[in-house]
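Colleague: According to the UniProt record's numbering, the residues represented by the sequence shown are 1 to 294, in order.
Note that CB positions come from ideal geometry on N, CA and C, so glycine has one too.
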Amino acid sequence: MPIVSLDQLLKHASDNKYAVGAFVSMNIEVVQAAIAAAEKMGSPVVIRIHPDVRATTRFDTMCLVARHLAAEASVPVGISLDHGETLADCVDAIRAGATSVMLDAAEEPLDDNIRLVREVVNVAQPLGVLVEASVGHMEHGAVQTDDDLADVEEAVRLVKESGATILAPAIGNVHGSAHGEEKATPELNIARIRALREATGVPICMHGGSGTPRPMMRAATEAGVSLVILFSDVITAYNKAMIEVYSANSPGIAIIDALIPAQAAAQVVIEEKMVDLNSAGRSADFWAWANTKG
Numbered sequence: 001m002p003i004v005s006l007d008q009l010l011k012h013a014s015d016n017k018y019a020v021g022a023f024v025s026m027n028i029e030v031v032q033a034a035i036a037a038a039e040k041m042g043s044p045v046v047i048r049i050h051p052d053v054r055a056t057t058r059f060d061t062m063c064l065v066a067r068h069l070a071a072e073a074s075v076p077v078g079i080s081l082d083h084g085e086t087l088a089d090c091v092d093a094i095r096a097g098a099t100s101v102m103l104d105a106a107e108e109p110l111d112d113n114i115r116l117v118r119e120v121v122n123v124a125q126p127l128g129v130l131v132e133a134s135v136g137h138m139e140h141g142a143v144q145t146d147d148d149l150a151d152v153e154e155a156v157r158l159v160k161e162s163g164a165t166i167l168a169p170a171i172g173n174v175h176g177s178a179h180g181e182e183k184a185t186p187e188l189n190i191a192r193i194r195a196l197r198e199a200t201g202v203p204i205c206m207h208g209g210s211g212t213p214r215p216m217m218r219a220a221t222e223a224g225v226s227l228v229i230l231f232s233d234v235i236t237a238y239n240k241a242m243i244e245v246y247s248a249n250s251p252g253i254a255i256i257d258a259l260i261p262a263q264a265a266a267q268v269v270i271e272e273k274m275v276d277l278n279s280a281g282r283s284a285d286f287w288a289w290a291n292t293k294g
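#1: For the stretch 16-63, list the beta strand (DSSP E) runs that are entirely contained and at least 3 residues long, ordered along the chain.
#2: If you reduce the DSSP assignment to three classes, tell me which class residue 226 lands in.
#3: Mind checking whether residue 99 and residue 130 have CB atoms under 9 Å apart?
#4: Hey, quick one: how far does the beta strand (DSSP E) through residue 132 stretch, first residue to last?
#5: Three or more C-beta pairs closer than 8 Å, one from the stretch 155-165 and one from the stretch 193-213: is that the case here?
#6: Per DSSP, what kind of secondary structure is residue 68 in: helix, strand or coil?
#7: Counting C-beta neighbours from all protein chains within 10 Å, is the total for residue 126 16 or more, i.e. buried, or is it exposed?
#8: Applying the criterion that 16 or more other CB atoms from any shown protein chain within 10 Å of the CB defines a buried residue, is residue 94 buried or exposed?
#9: Over what stretch of residues does the alpha helix (DSSP H) that includes residue 169 continue unbroken?
#10: Can you tell me the Cα-Cα spacing of residue 205 and residue 250, whole angstroms?
#11: Could you give the first and the last residue of the continuous alpha helix (DSSP H) run that contains residue 102?
#12: Roughly how many whole angstroms lie between the Cα atoms of residue 137 and residue 252?
#13: May I ask you to verify whether the stretch 43-59 touches the stretch 12-26, counting CB pairs closer than 8 Å and requiring at least 3?
Right, dumping it as structure tokens:
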């Protein structure tokens, strides 16, 4: 199947009260695990590629792999840029085939955030690529206070004046873990999620989805979260499987003997997340709906 527009994916998710999982993928094995999980669970999925992949490969190479695997999949697959820091990051992702890009300028003053996001929108919008903007304070690994949460009025300004089509706000989510420690449990502000969705009129993207209890995740999707970024739980399972293999074998072991169980472990976690997000079994409904849209 062709790569699917996130505009379609998120509209269907929003209308049907589920969220699409966007799985941060820094190697081919996690991409394969995410698509295999989606096939098994009958779920839409987004492959989320972080700019850090450029430490070992080219960004467009990862996108090419994702596009190739998506073309062979029976489920809807989108490709998205995670935490782009510059216009150049976003342009590279668009050229590589991403269907949405994030310009992460939440720590900038609001006026600068608006300006930087608008620069990306000016490039992306004519090409049908969605642009994700962020608002509020999300310190890596830290539990958010009320002062950190996204302000509704600021969020409305950001969306209206920049043209952003996805909003990634601070909503009580915990983004990553600090110094490799166990991730803190989020305390999502469901009322704030609902207020942000209603006031801005755009889909809400939740970062730091790992570690969120299923009832809390379901409440968030009901309130307006349509896209959830997941990394920590998946990569922890992946790394544990790798470590187990290397701990039990000599350094001369073939790397494929570690990659196979690592990919399988990641897939199991991704399948569980699709249940949490209420996206399992939604693929057929999505295709039927999308076909009516022509």
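Modeller: Here's the rundown:
#1: 20-24, 45-49
#2: It is a strand residue.
#3: Contact flag set, yes.
#4: 130-135
#5: yes
#6: Helix at residue 68.
#7: exposed
#8: buried
#9: Run containing residue 169: none in the alpha helix (DSSP H); it sits in the beta strand (DSSP E), 166-169.
#10: Going from the Cα of residue 205 to the Cα of residue 250 covers about 43 Å.
#11: From DSSP, residue 102 is part of no alpha helix (DSSP H) but of the beta strand (DSSP E) over 100-103.
#12: 45 Å
#13: yes
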